[in-house]
Amino acid sequence: MRRSRAPSIAPGTFFVVQSWADCITNMPGFNLRQALVVAPGFIDLHAHGQSIPADRMQAFDGVTTTLDLEAGVLPVASWYRRQATKGRVLNYGASANWAFARIGAMTGSNAESSLEGFGNAMRDRRWVENVASDTEVAGILPRCRRAGIDCGVSTGGGA
Ligand SMILES: [Zn+2]
């Protein structure tokens, strides 16, 4: 059994993290040569790299959960199934992609969210240039809601 040499932290002690390195190296008893650091995993809320190589790079920075909450994905359920079969290294998640809900409602496309699908959607710019009609809005919202029920954590809208 390995004995911990980590400095003890009194209950109720708070650290204001100005930088990761400053926080750790300024802890009483910190010894750089014998450093073993226990830290909470970080959650990246804006992680576009949803892949095993991206997971590995983020793990070096202490990230344990990667969430694509900006753009998101659509449909969400099939994306989660694909991630599960890949054997992702970190925890992962994504919001429902509002843009692809809009593309689907305004152009009739059933394309899944992807860079290729986004490029194809730019050929029919009705979803970019037109204000959605009431009927189209009525088509966008259920797509987002359905995706949310399919495990999305929110609705992303940016790119
Ligand atoms: Zn982004």
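Going left to right, the sequence shown walks through residues 903 to 1061 as the numbering used here numbers them.
The C-beta atom is built at its ideal place from N, Cα and C for all residues, glycine as well.
With three or more CB-CB distances shorter than 8 angstroms, the region 972-987 counts as touching the region 1009-1016. In this structure, the alpha-carbon of residue 1033 lies about 11 angstroms from that of residue 1004. Pairwise C-beta distances place the region 941-949 in contact with the region 959-970, as three or more of them are shorter than 8 angstroms.
In this structure residue 1021 is exposed. Its beta-carbon is surrounded by fewer than 16 other beta-carbon atoms within 10 angstroms. Only residues of its own chain outside the window of five on either side were considered, and among them 1007 and 1008 have a CB closer than 6 angstroms to the CB of residue 1038, listed in chain order. Distance from residue 970 to residue 997 at the Cβ level is roughly 7 angstroms; contact confirmed, criterion being Cβ atoms closer than 8 angstroms. With a threshold of 8 angstroms, the Cβ atom of residue 973 counts as near ligand 1, since some heavy atom of the ligand is closer than that. In the displayed model, residue 1019 falls within a helix according to three-state DSSP.
Secondary structure at residue 980: helix, using DSSP grouped into helix, strand and coil.
For the options 1023, 1010 and 1027, the alpha carbon positioned closest to that of residue 1045 is the one of 1010. Here residue 956 is not near residue 999, since their CB atoms are 9 angstroms or more apart. Around the beta carbon of residue 989, fewer than 16 other beta carbons lie within 10 angstroms, which makes this residue exposed.
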